[in-house]
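Remarks on the structure that follows.
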Amino acid sequence: MSLAKAELRRLFKRRVTRVFLALVLLGLALIPLVFTLTSQKTGPEQLRAAEVKAQADFEMAVREHQRVVAECEALKAGGATDLDMRYGPNCGKDYAPTREMFSAENYLPFEFTFRDEFGPSVMVFSAAVALVAFVIGASFVGAEWHSGGMMNLLLWRPRRIPVLLTKLGVVLATMFGVTVVLGALWTVAFWLIGRYDGVLGKLTAGVWQSFALTGARGATLVLLAAAIGFGLASLGRHTAMALGVGIGGIVVSEIGLRIALQIVEVPFADRYVVSTYVTAWLNKEFTLYDYRSCAFSMGQCNPAELTVTWQHSAIVFGVALALVLGGAIWSMRRRDIA
Amino acid sequence: MAAVLEITGLEKTYRSRRRGVRRALDGFDMVVEQGQVHGFLGPNGSGKTTTLRTLLGLIRPNGGRMVLLGEEVPAALPRIAKRVGAIVESPQFFPNFTASDTLSLLADAGGVSKQRVAEVLELVGLRERAKERVKTYSLGMKQRLAVASALLKNPDLLILDEPANGLDPGGIREMRTLMRGLAESGMTVVLSSHILGEVQLICDSVTVISRGRRVAHGPVADILAQHAGTGVTVKLEDPAELSPAAEVLISAGARVTPHPDHLSVTNVDRPAWVTRTLAEKGFFVSELAPVRVDLESVFLDLTATAPVPGQARQVDDSATAPAGGWGV
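Chains A and B, in that order, give the protein sequences.
Residue numbers 1 to 338, in our numbering, belong to the letters of the first sequence in order.
Residue numbers 1001 to 1328, in our numbering, belong to the letters of the second sequence in order.
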């Protein structure tokens, strides 16, 4: 227990931890702030203003239409031909704007709807915290290896695997705590925006359950990122190893692989891309379309679909986690500490 | 006196596809008795740090037996780690932590009281600088911090790898006093160092390692005495005769190292034999004195690492232990 307490102290004494937690806090705080500033509750006053604006735009469109028709007819009277290409048949008289085209609804200011928009916001939240968790997890063990701190610690606690797993446990517990606290603040912030600057919508138990499940998957993603960052840095005994693999993985997977697979016309190429599985995990599922399967000359086409589910993502993430952490533990057990 | 540290036949082989096989430790033996300050000497790359790391469980040996404080390691390390304080090679600490933070985190991990942190900082002279980040420290200050971290546990056995490295002369003297004081309080100290003058002053006994094998061990005084008896310096009335005189002595069975104004002669029973042998060939000795040895010259001789003019010695060019070698 004393080791876990010491490691917790060490984690929060580290500048990387403090800086990245501060950055994620600031970054996440900006999003609700932007929503607060842009969202406006719709009342009779907003409806009236929207109606006035819609009417004004409608009238302006009618005037413009009449001007264009008059211009066309003047040209036709002067003997001009081929005006259909420019003005449409019958000088575009049949395409006069109607009032229905200028619905007041389209002129209302943005109004945040908690029920509809909180779910997607949880995905943004999870992705941001997962990124920070990856860096903190990698740095916590990578810097220890690089600076010799791990060796010093092992002189005090010569049990390699328990030391490594205690460090991992501390990172995971910390990131879980951070996610829960930030997640609660995130929820409260958006609920307040919905309550005072927008609408909450019909919040049934099912809606809250759906939010909770999205949040749980988001928290799992955060822990996964922290564990993989930690494992990679431990394998390479340097933070740069994890960051290099992370950045390299993104470049190779999201750009290189995607382009290469499209060139060789692999169907559903995006199923080999990491972000597909992250999206499917957070969104419950992600549908890929293969437009190459369409023969548009035969008329309308419904492209072939492939649905990647969160269960598929769980398998991919589980295998990656087992490989990285298994490798880190094996390396810790077998390799000399120089 | 009971042995606090015993190593028998320790072996460590590094295998690399690029660099092939290298035997870092080749049946190394070492014994350190309780309450001693024991010097652990060897040229660069001889296996000192590998030995210490292996002893402390950081490196897995390929063979041999190690006993620390009466218990076989590495199996017993988790049990006895609290009784062994160590610094291995250059001091390495997280640069953005203060000395105080560094030690208090180790104290937390090892269940040592916070009060001890202040005590060891005082002991190594870092009290006033304890709140400064380690990255602002000089090498000597980092070395002091490393010693403080090793002393934090108040160990029975203290293993220090190059503790005087980077210290100023005052610091070296303080370190010497500290080592002696610790030994007097009953702590056993194993000291790896290249400052042989210091080792000679501080240590009760030494082990010399070369190319992974022990080439000498025993009390410092005994080792010096044994080496002192083996050689004399010879000056002649006419320095131009040094070269033919050297040939006479070599042909008579002595080992001779020529110098511009004298000869160093070893492998002789009695100094009088030198005088007589040279006189018989018409060379007259103007000065004959026993070779004054210090630990440095003994070390250079034992490890065959004395610099040779015009030659750049490579780190692996050192002596291997002779069969039934000197001091064994």
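Every residue gets a Cβ at the ideal spot worked out from N, C-alpha and C, and that includes glycine.
Keep in mind it's a predicted model, so treat the numbers as computed, not measured.
- Extent of the continuous beta strand (DSSP E) to which F286 of chain A belongs: Per DSSP, the continuous beta strand (DSSP E) segment holding F286 of chain A begins and ends at 285-290.
- Delimiting residues of the alpha helix (DSSP H) encompassing V132 of chain A: 114-147 is the span of the alpha helix (DSSP H), which, as asked, contains V132 of chain A.
- In chain B, which residues lie with their C-beta within 8 Å of the C-beta of R157 of chain A? Here the neighbours are P1078, A1081, A1109, G1110.
- Message: Using only CA atoms, which one of A:L131, A:G231, A:L182 lies nearest to I247 of chain A?
- Response: Nearest option by C-alpha distance: A:L131.
- Applying the criterion that 16 or more other CB atoms from any shown protein chain within 10 Å of the CB defines a buried residue, is E1162 of chain B buried or exposed? Result: buried.
- Query: Could you give the residue range of the alpha helix (DSSP H) that holds R1144 of chain B?
  - Reply: Unbroken alpha helix (DSSP H) run through R1144 of chain B: 1139-1151.
- Can you pull the DSSP bridge partners for H1038 of chain B? According to DSSP, which records beta bridges pairwise, H1038 of chain B is partnered with B:V1190, B:S1205.
- Query: Got a sec? Which residues, its chain only, sit under 8 Å from V124 of chain A by beta carbon, not counting five neighbours each side?
  - Reply: Contacts found: I31.
- Query: Under the DSSP definition of a beta bridge, which residues are partnered with R1337 of chain B?
  - Reply: Residue 1337 of chain B lies beyond the stretch modelled for chain B, which goes from 1001 to 1328, so this question has no answer here.
- Could you check what DSSP says for K1281 of chain B in three-state terms: helix, strand or coil? Note: K1281 of chain B maps to coil in three-state DSSP.
- Does any C-beta atom of chain A lie closer than 8 Å to the C-beta of F1097 of chain B? Output row for F1097 of chain B: interface = yes.
- Item | Selection of the stretch 1050-1070 of chain B by Cβ proximity to chain A, strictly under 8 Å | Here the close residues are R1053, L1056, G1057, L1058, I1059, R1060.
- Task: Would you list the one or two residues that DSSP bridges to F1028 of chain B?
- Result: BP columns for F1028 of chain B point to B:L1010.
- Message: Run through chain A and tell me which residues come within less than 9 Å of D1101 of chain B, C-beta to C-beta.
- Response: Those are R9, R10, K13, listed as they occur along chain A.
- Message: Can you look up D1269 of chain B in the DSSP assignment and give me helix, strand or coil?
- Response: Here D1269 of chain B sits in coil by DSSP.
- Message: Give me the subset of the stretch 125-148 of chain A whose CB atoms are less than 8 Å from a CB atom of chain B, sorted by chain position.
- Response: So the close ones are A143, E144, S147, G148.
- Label W145 of chain A either buried or exposed according to how many other C-beta atoms from any shown protein chain fall within 10 Å of its C-beta, with 16 as the threshold for buried. Buried is the call here.
- Message: Assuming contact is defined by CB atoms lying nearer than 8 Å, are R1065 of chain B and T1013 of chain B in contact in what I supplied?
- Response: Going by C-beta atoms, R1065 of chain B is not nearer than 8 Å to T1013 of chain B.
- Message: I need the boundaries of the beta strand (DSSP E) containing G1085 of chain B, first residue and last residue.
- Response: From DSSP, the beta strand (DSSP E) with G1085 of chain B extends over 1084-1087.
- Is it true that the CB of S1149 of chain B sits closer than 8 Å to the CB of I1087 of chain B? In contact: I1087 of chain B and S1149 of chain B (Cβ atoms closer than 8 Å).
- Message: Using a 10 Å radius around the Cβ and a threshold of 16 neighbouring Cβ atoms, would you call Q948 of chain B buried or exposed?
- Response: With chain B represented from 1001 up to 1328, any question about residue 948 of chain B goes unanswered, as that position is not in the structure.
- Message: I need the straight-line Cα distance from R48 of chain A to G244 of chain A, nearest angstrom please.
- Response: Computed Cα separation, rounded: 56 Å.
- Task: Could you check the C-alpha separation between M60 of chain A and F102 of chain A for me, to the nearest Å?
- Result: Rounded to the nearest whole angstrom, the CA to CA distance from M60 of chain A to F102 of chain A is 11 Å.
- Message: With a threshold of 8 Å between beta carbons, is S1046 of chain B in contact with chain A?
- Response: For S1046 of chain B, the answer is no, since every Cβ of chain A falls outside 8 Å of its Cβ.
- Drop a sphere of 10 angstroms on the beta-carbon of A1130 of chain B, count the other beta-carbons inside from all chains shown, and report buried for 16 or more, exposed for fewer. Buried is the call here.
- Message: Is there a Cβ of chain A sitting closer than 8 Å to that of R1018 of chain B, yes or no?
- Response: No, R1018 of chain B lies away from the interface with chain A (no Cβ there is under 8 Å from its Cβ).
- Message: For the alpha helix (DSSP H) containing A240 of chain A, name the first residue and the last one.
- Response: Going by DSSP, A240 of chain A is part of the alpha helix (DSSP H) stretching over 239-250.
- Item | W330 of chain A burial status per 10 Å Cβ neighbour count (16 or more: buried) | So W330 of chain A counts as exposed.
- Query: Span of the alpha helix (DSSP H) holding K167 of chain A?
  - Reply: Counting along the chain, the alpha helix (DSSP H) containing K167 of chain A begins and ends at 160-192.
- Endpoints, alpha helix (DSSP H) assigned at P1169 of chain B: For P1169 of chain B, the enclosing alpha helix (DSSP H) covers residues 1169-1184.
- Task: Rank A:R292, A:G79, A:W281 by C-alpha distance to the C-alpha of I263 of chain A and give the top, closest one.
- Result: Checking every option, the nearest Cα to that of I263 of chain A belongs to A:R292.
- Message: Along the stretch 303-323 of chain A, where does the CB come closer than 8 Å to a CB of chain B? Name the residues.
- Response: Within the stretch 303-323 of chain A, no residue qualifies.
- chain B within 8 Å of K5 of chain A, Cβ atoms only: Yes, its Cβ sits closer than 8 Å to a Cβ of chain B.
- Is P1080 of chain B helix, strand or coil by DSSP? According to the sequence provided, residue 1080 of chain B is Ile. The question's Pro does not apply to it. Taken through DSSP and simplified to helix, strand or coil, I1080 of chain B comes out as helix.
- Delimiting residues of the beta strand (DSSP E) encompassing D1161 of chain B: Counted as a single uninterrupted DSSP element, the beta strand (DSSP E) harbouring D1161 of chain B occupies residues 1157-1161.
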